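This report concerns only the one structure given below.
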């Protein structure tokens, strides 16, 4: 074989391999695109956006999908959504569920979003049902809720284990009105989901992005938590001007602000109220570290 023939053969092989690589990429992208188009036809889905980024030598290619859901998804819509998502093998780098902000002139918006590395487009029914319940609860707080909501990740993953202690619906909210953080917690819990609820409420009085918010309410509740018992205790703690309130099913931990002069009678009333409800009450000193922030 002459040098010219070897050069020609090498060039042809390069073209063939290049064509195969493009075909593989196109086929892979097509699987995700077909998945997105199929999902968009499901009742309860407002739109699906699919984005493909060829990272070439930098790293693995990115396949990202955003599924925008309607408000108030029913059980059958959730079931169908999950079934359709798992019907096709379409690996995704990132899968996001979101609900569009409701059409309202009132202050505030509701956007619940889950975004986590996936490797799969197959959703878990438990995750979608919890997400739908949360978005319904948040929607019912409007109009008049000056704040926003987010769900920062699928803690349950694509296939949650029923005995996984870390599975939970995580919701983070910011509000200009402190008392509304309790309203949001009640709405989320009362809507009901099979998942435990992890809730972080930030209070930002002036809603100024340039100023830091305080976090007066953190809750880690099971589906069986009794909000009729817990809510009056949380409200009572707010009235005492505490910096942080942390809540579990059977315990409340509060932290007074630095330099605060406690109203002994008011604190005793709250302690008696908690004891009567069978809920433990712990009062931290302002200098103690906050366990939830590490």
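Residue numbers (our numbering): 727 to 1020. Don't be surprised by glycine CBs; every beta carbon is placed ideally from N, CA and C. Predicted model, so just to flag it, every value in this text is computed and none were measured.
| field | Cβ neighbour criterion (16 or more within 10 Å) applied to residue 1002 | value | The sequence position of residue 1002 within the chain shown is 276, counting from 1. Residue 1002 comes out exposed.
| message | Suppose only complete runs of 4+ residues qualify. What are the alpha helix (DSSP H) ranges in the segment 940-998, listed by chain order? | response | 953-965
| Can you pull the DSSP bridge partners for residue 1002? | The residue given as residue 1002 occupies position 276 in the chain shown. Answer is none; residue 1002 lacks a bridge partner.
| Going along the chain, which unbroken runs of the alpha helix (DSSP H) with 4 or more residues stay wholly within the segment 765-805? | none
| message | Cutting at 8 angstroms between CB atoms, please list the residues of its own chain near residue 747, excluding the five before and the five after it. | response | Looking up residue 747 in the chain shown gives position 21. Caution applies to residue 747, whose pLDDT of 39 falls short of 50 and renders its modelled position unreliable; the value that the coordinates give is listed next. None.
| query | By Cβ distance, which residues of its chain are closer than 7 angstroms to residue 955, with the 5 residues on each side in sequence left out? | reply | The residue labelled residue 955 in the question sits at position 229 within the chain shown. Within the same chain, residue 955 has close Cβ partners 1003, 1005.
| field | Enclosing alpha helix (DSSP H) for residue 1011 [first to last residue] | value | Taking the first residue of the chain shown as position 1, residue 1011 is located at position 285. No alpha helix (DSSP H) holds residue 1011; DSSP gives it neither H nor E.
| query | Taking the DSSP output, what are the residues bridged to residue 906? | reply | What you label residue 906 is simply residue 180 of the chain shown in a count that begins at 1. According to DSSP, residue 906 bridges with nothing at all.
| Which listed residue (850, 774, 761) has its alpha carbon closest to that of residue 805 | For this step, residue 805 is matched to residue 79 along the chain shown. It is 850 whose Cα lies nearest to the Cα of residue 805.
| Can you tell which of 798, 995, 946 has the C-alpha that lies nearest to the C-alpha of residue 862? | Along the chain shown, read from residue 1 onward, the residue named residue 862 stands at position 136. Nearest C-alpha to residue 862: 798.
| query | According to DSSP, which residues form a beta bridge with residue 867? | reply | As a first step, residue 867 is located in the chain shown; it is residue number 141 there, counting from the start. DSSP output for residue 867 lists no bridge partner at all.
| Span of the beta strand (DSSP E) holding residue 814? | If you number the chain shown from 1, residue 814 lands on position 88. Per DSSP, residue 814 belongs to no beta strand (DSSP E) and is neither H nor E.
| message | If you measure between the beta carbons of residue 978 and residue 966, is that distance less than 7 angstroms? | response | Numbered from 1 along the chain shown, position 252 holds the residue referred to as residue 978. Numbered from 1 along the chain shown, position 240 holds the residue referred to as residue 966. No; because the gap between Cβ atoms is not below 7 angstroms, this pair is not in contact.
| task | State buried or exposed for residue 756, treating a residue as buried only when at least 16 other CB atoms are found within 10 Å of its CB. | result | Residue numbering aside, residue 756 sits at position 30 when the chain shown is read from its first letter. That one is exposed.
| Counted within 10 angstroms of its Cβ, other Cβ atoms place residue 962 as buried (16 or more) or exposed | Indexing the chain shown from 1 puts residue 962 at position 236. Per the 10 Å Cβ criterion, buried.
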